[in-house]
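Novice:
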Amino acid sequence: MQKTNEEKWGKQMKRSFQIGAAFIGVIVGAGFASGQEVLQFFTSFGIPGLLGGAIALTMFAFLGMVLGQLGCRLQTKSHEGVIYHICGKYLGIAVDVILTFFLFGVAVVMFAGSGAIFEEQFGIPAAVGNLFMTTVVIISVLFDVKRVIALIGSFTPILMLTVLIMAIYSVLTADLSSLTEAATVAADSQAAPNWILAALLYVSYNIAVGAPLVTVMGGTVRDDKVVARGAIIGGIGLGILVLLISISMMTQLGEIADAAMPMLVIANNISPIVGIVISVILLGMIYNTAVGMLYTFSVRLIKPGTKKFKVSVVLFGIIAFICSNVGFVNLVGTVYPIMGYLGFVLIAAIIVSWMKNRKKTTVVSIE
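Just so you know, we're using numbering that gives the first Met the number 0 here: the sequence shown kicks off at 0 and counts up by one.
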């Protein structure tokens with residue numbers, strides 16, 4: 000019996016880690032792993048930015064846990080059910096619309112991110128990189144290659160290990176002589192007036208991105224404790240990545256203050272081979288996120304499996320490609336903060352829903 004219980008526990012923990020890795024995978028797209036998001040929302044604020052990273056870690060774990068448990072309890076097939084459950088009929092409509100079109104906005108940023116990698120790492124025009132990723136993503140959504148996405152999701156542990164190595168390297172080779180001047184340059188890219196608001200905005204828009212996936216994953220599991228553990232693991236993992244990337248860049252500001260892909264600069268300083276490895280991982284993460292965003296956006300508007308759906312996917316992809324040519328850095332600095340402010344509504348609804356459910360549970364237990 001003891002062995003059976005241990006096997007059951009082992010399977011549950013394995014599932015929790017899979018959920019956590021998937022949670023990290025969908026959020027770690029172009030801006031995150033490249034360092035551009037972390038630069039604008041954390042590193043540019045200096046030491047207080049690290050405190051912002053700690054806030055992000057806590058909020059990711061908590062909000063992910065609540066969303067996952069709601070998805071499990073409602074056994075939802077999409078984010079729609081959870082959104083209307085926590086926001087109500089009328090506010091739910093507004094949040095649903097905002098969230099749906101934000102998914103499209105993230106897909107645009109992913110395409111632009113791939114272009115930035117092609118240009119900085121391989122010397123290929125950004126527009127070519129944008130077009131390449133757009134084409135691959137459209138084909139993937141049309142043919143629904145879930146195995147490929149699952150394979151790329153396995154890059155998450157490799158990414159975390161590589162970022163850890165880069166953080167250690169950055170600290171050991173820190174150039175403190177130009178830190179003050181570089182910090183002034185980095186401050187110009189701050190995504191918010193202060194570090195607290197920046198951390199909250201960062202969590203806000205990323206939860207909007209992760210909410211559909213976490214709720215759907217929750218709907219595939221019967222035990223809400225498994226989902227809760229998975230979301231907490233994912234939240235902690237995301238927070239650790241934020242802190243490691245921020246530390247890496249903080250000690251190398253002289254090198255990366257003006258770079259579109261700061262982590263690529265640091266990786267290439269270690270070794271050209273490490274730079275190529277990071278580039279491949281980044282492209283994999285971008286692909287993973289872009290496919291999820293374009294697919295989720297498309298199925299929310301058009302019924303999948305129809306001819307109209309296929310035509311729409313191609314059309315949406317082309318529009319996203321056109322928008323992506325605005326430029327990666329500009330998109331990260333504009334789209335994400337705006338959606339972050341709107342995402343506060345979703346966070347407030349999640350917290351209120353959690354408090355209501357907790358109150359009901361307390362009442363039941365007292366009785």
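Just so it is clear, CB atoms sit at the ideal spot from N, CA and C, and this is done for glycine as well. Here the structure is a predicted model, which is why all the values come from computation and not from measurement.
(1) With three or more beta-carbon pairs closer than 8 Å as the criterion, would you say the region 198-218 touches the region 60-70?
(2) According to DSSP, simplified to helix, strand and coil, what is residue 41?
(3) Pair every Cβ in the region 305-318 with every Cβ in the region 134-144, then say whether three or more of these pairs are closer than 8 Å.
(4) Around the C-beta of residue 304, are 16 or more other C-beta atoms found within 10 angstroms, so that it is buried, or is it exposed?
(5) Taking three-plus beta-carbon pairs below 8 Å as touching, is the region 72-90 in contact with the region 228-246?
(6) Using the C-alpha atoms, what's the distance from residue 98 back to residue 351?
(7) Once DSSP output is grouped into helix, strand and coil, what is the label at residue 72?
(8) Pick helix, strand or coil for residue 224, following the three-state DSSP scheme.
(9) Touching or not, the region 285-301 and the region 105-121, by the rule of three or more beta carbon pairs under 8 Å?
(10) Go ahead and pull the three-state DSSP assignment for residue 260.
(11) In whole angstroms, what separates the C-alpha of residue 40 from that of residue 193?
(12) Tell me which residues share the same chain as residue 95 and place their Cβ nearer than 6 Å to its Cβ, disregarding the 5 neighbours each side in the sequence.
(13) Residue 272: which of 118, 91, 161 and 58 sits nearest, CA to CA?
(14) Do residue 278 and residue 263 count as a contact pair if the criterion is CB distance below 9 Å?
(15) Cβ of residue 209 within 9 Å of Cβ of residue 66?
(16) Which word fits residue 254, buried or exposed, when buried means at least 16 other C-beta atoms lie within 10 angstroms of its C-beta?
(17) Could you tell me whether the Cβ atoms of residue 245 and residue 265 are closer together than 9 Å?
(18) Compute the Euclidean distance between the alpha carbons of residue 51 and residue 89, then round it to the nearest angstrom.
(19) Just the C-alpha distance for residue 37 and residue 45, rounded to the nearest angstrom, thanks.
(20) Please specify which runs of the alpha helix (DSSP H), each continuous and at least 4 residues long, are wholly inside the region 230-261, giving them in chain order.
(21) Let me make sure I understand the geometry here. Which of 308, 212, 258 and 48 has the alpha-carbon closest to that of residue 17?
(22) Rounded to whole angstroms, what's the CA-CA distance from residue 297 to residue 313? Just pull it up for me.
(23) For residue 231, I'd like the list of residues in its chain whose CB is within less than 6 Å of its CB, leaving aside the five on either flank, ordered along the chain.
(24) Considering Cα atoms alone, identify which of 334, 9 and 220 is closest to residue 207.
Specialist: Let's see:
(1) yes
(2) coil
(3) yes
(4) exposed
(5) no
(6) 19 Å
(7) helix
(8) helix
(9) yes
(10) coil
(11) About 9 Å.
(12) 82
(13) 161
(14) yes
(15) Result yes, Cβ atoms of residue 209 and residue 66 sit closer than 9 Å.
(16) By the beta-carbon neighbour count (other beta carbons within 10 angstroms, threshold 16), residue 254 is buried.
(17) no
(18) Between the alpha carbons of residue 51 and residue 89 lies a gap of roughly 33 Å.
(19) 11 Å
(20) 252-255
(21) 212
(22) Residue 297 and residue 313: Cα-Cα distance of roughly 10 Å.
(23) 60 and 64
(24) 334
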